[in-house]
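Here the sequence shown is numbered in my numbering, starting from 17 and rising by one per residue.
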Amino acid sequence: MDTLHLFLEGPGRETIPVTTLDAESYGSPQVTNEATRRTLVDDNGNIAEQTDKSGYRYQFRERFGIWSLIVSD
Numbered sequence: 017m018d019t020l021h022l023f024l025e026g027p028g029r030e031t032i033p034v035t036t037l038d039a040e041s042y043g044s045p046q047v048t049n050e051a052t053r054r055t056l057v058d059d060n061g062n063i064a065e066q067t068d069k070s071g072y073r074y075q076f077r078e079r080f081g082i083w084s085l086i087v088s089d
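This is how it looks when you write it as structure tokens:
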């Protein structure tokens, strides 16, 4: 199986590689809408936190704007 590569695309279409720093599940195990909240990190140690329920929008603590997740193989 190929390795998936994660990138965040931000304002001005800047694209940077990221990796998963943390993934936290929340919700009730009795309910089918359990979700996972992810935290990503770039090569410089900048942390981006998930801002939506679907897991495609992130915001860096040190950078402006909302960044979109891109998954590539």
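A virtual CB, placed ideally from N, CA and C, is assigned to each residue, including glycine.
- Listed in chain order, the non-local C-beta contacts of Glu25 below 6 Å within the same chain comprise Thr31, Ser84, Ile86, local neighbours out to five positions each way being set aside.
- The C-alpha of Gly61 lies about 11 Å from the C-alpha of Arg77.
- Burial of Tyr74 is indicated by the presence of at least 16 other C-beta atoms within 10 angstroms of its C-beta.
- Residue pairing of Phe76 in beta bridges, as defined by DSSP: Ala64.
- Asp18 and Arg79 have their C-alpha atoms roughly 31 Å apart.
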